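In what follows, a single structure is set out as structure tokens and then discussed.
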Amino acid sequence: MNRLADKVLALVLAVVAAACLAQVYPLIDILAGRGLAGLDVAMLRPAAYSAAALACFIGALLFLAGQLPGRPVHAAGVPLFGRDAELEPAGRPRLRRTFLVLPVVVLLALLGDGFGSWRPHEGGEHVASAPPMESAPKPESPSPVARTPPLPPALPSEQAATPPAAANPPALPVQPAPPVAEPAVPPASTAPMPPEVAVIPPPTVAPLPPSPPAAPTQPDGHRDAVVWLAVAPDGRSIMSASTDHTIKLWDMGGKHLMRNLGVHKDMARTALYMPDGVSALTAGDDGEIVQRKLADGAVLHVFQSGQNGGVNKLAISPDGRRAVSGHDTGNVIIWDLVNGSVLHVLTGHDWSISAVAVSPDGKQALSGSIDGTLKLWDIDSGKQLRSWHGHEQGTYGAVFTADGHHLITGSGDLTIKVWDVDSGREVKRLEGHEGTVYALVLSADGKRLLSGSLDGTARLWDMASGNQIAMFDSQTGPIYAVAFAADGTVLTGGSDRTIRDWPAAGGDGVVLFAGAPG
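Just so we're aligned: the sequence shown equals residues 445 to 962 in this note's numbering.
Structure (structure tokens):
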């Protein structure tokens, strides 16, 4: 949540409340001078301003206290989705919009009122907005004619129409009458003209824009949010994981579903191709990491996390011998995939793990939690190498660069940071997202970074300069998964259940694989 914006809105509401209160003081004088019997309908205006001032004051307090969140920003210690997330209180978008519109309405009312209906009249009495002749006392007798102030000089046309009353007219040259053929005033001007409003043509009203076409659907699509995408090493297929518990394998060339690769007992979180090219590793909230055959989805092995909780994130070493999983208990587990055993259970995080990554040489692992803490581990020994507070909010994306000396993380604080692995020092920051940066992936050449965010956009960044190259706006809700296709285009998955394909240079995307009907 943008606290600075909320403080500014609180200040605006407080100023409007003060402006309303300034209109209430006349009501006190009226009650003191006239009593309740002298009240009329016009005196209800200060009461209305009192109510508006109170409402603005309440809105200012709510904005100042952070009780009217705006665009969703993931708070520390709260999962983005899942069983725990369902217990989190929702925001108050309608109440926020009400208090955003309120000062505008009140200011328009103040301007419309002109601040003049309640001005004090002579004698110090505040008079309501009744007509002046009814509120002012009438004179006891008409003023004498002799004391009437002189009239202003008559206009030339009035002098011509009304002859002077003096006996001797002024010595002015007599002008000849105009010719009859050229009258000074056309005859039609003597008749009363109809009001101009009667001849104003009717206004042109623009029609509403056409409604956007409904998103396509397909019966075998995902029935809930797509939270993970992985592209096969040969680029011919992609895997997707969804909160509908399923893992699906899609054919990129034929643009169709190849098969449902498997189902988890709870939300599926991650689906990774194994380096052998014949199997995949999938994980979910049920606490299971399952190795499956790509050919038919047959289960080869199941790794159970036990009391360590659901698997939020999973990463595999480049040689396929080790896997690192992050769990909602805050523990990190290093698995021996060859022997089907546990190497280490790493503790130290106080909050749920939200990001893991393995270095290109397979020797180090990074874990990030929803409190923004980052930890670097030695995979073989299980020793913690470094720990630092990398972000003000949770870390939801992590990836090593190809040289292994730099690390990139995204966060709920809306930033993407590049770290020097050897020193733990921040060397670059990428900014532009307006929501939690949830997913990151590097291009094969390491020159471009793709990010997905809860603000509904994916963005492409130049790693050398840190500049944004392109933005892809889904306009349908949060983006949870991003990937590069083999041809360099951008793939996204999100809350709308679809998998979309975007041109790398920017522009509109197309629905590559639609979600199931709602």
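Here a beta-carbon is modelled for each residue, glycine too, at the ideal position from N, C-alpha and C.
Here the structure is a predicted model, which is why all the values come from computation and not from measurement.
Per-residue DSSP class, three states only, for residue i
i	result
V452	helix
G938	strand
L554	helix
A902	strand
G890	coil
Q912	strand
Q751	helix
L858	coil
Q948	The question names Gln, but residue 948 is Ala in the sequence shown. Coil at A948, not helix or strand.
T920	coil
R540	helix
V865	coil
I814	coil
L716	strand
R736	strand
A461	helix
S803	coil
I823	coil
Alpha-carbon to alpha-carbon, residue j and residue i
i	j	result
I860	A742	38 Å
T714	L498	51 Å
D664	G951	27 Å
A699	D945	A small fix is needed here, since residue 699 is Lys in this sequence, not Ala. Taking the straight line from one Cα to the other gives about 11 Å.
M907	A495	54 Å
T661	P961	5 Å
P586	L465	Confidence in P586 is poor, its pLDDT being 39 and thus under 50, which makes the residue's placement too unreliable to answer from.
S761	P804	7 Å
T853	T839	7 Å
R765	V862	27 Å
A491	A650	39 Å
D889	A927	14 Å
G959	A883	20 Å
A504	L555	21 Å
G868	R830	8 Å
L448	G826	42 Å
H745	V865	34 Å
G953	A461	46 Å
H849	V843	11 Å
V782	D450	53 Å
P547	G510	18 Å
G784	G806	18 Å
R903	G876	9 Å
S887	P677	13 Å
D763	P719	7 Å
L551	R540	18 Å
D847	I682	26 Å
V456	L858	26 Å
I823	L738	27 Å
L693	G792	36 Å
R489	A463	14 Å
L652	Q919	19 Å
Q467	H666	58 Å
8 Å contact criterion, which residue i and residue j should meet: CB distance rounded
i	j	result
S855	H835	4 Å
L898	V885	Rounded, the Cβ-Cβ distance is 17 Å, inconsistent with contact.
A685	T726	7 Å
F501	L453	F501 to L453, Cβ: 13 Å. No contact.
A925	G879	Not a contact, Cβ separation roughly 15 Å.
L874	G910	5 Å
C-beta atoms of residue i and residue j nearer than 9 Å
i	j	result
D688	A659	no
L758	L716	yes
D917	T942	no
D729	V707	no
G679	A929	yes
R736	S749	no
Q828	L820	yes
L787	N775	no
F957	L701	yes
W795	I814	yes
A948	G932	yes
V881	G841	yes
Beta carbon proximity, residue i to chain C, threshold 9 Å
i	result
G806	Chain labels in this structure do not include chain C; a single protein chain is all it has.
*Is the stretch 669-677 touching the stretch 927-943 in the sense that three or more CB pairs, one from each, lie closer than 8 Å?*
yes
*Does the stretch 757-776 come close enough to the stretch 792-803 to have 3 or more Cβ pairs within less than 8 Å?*
yes
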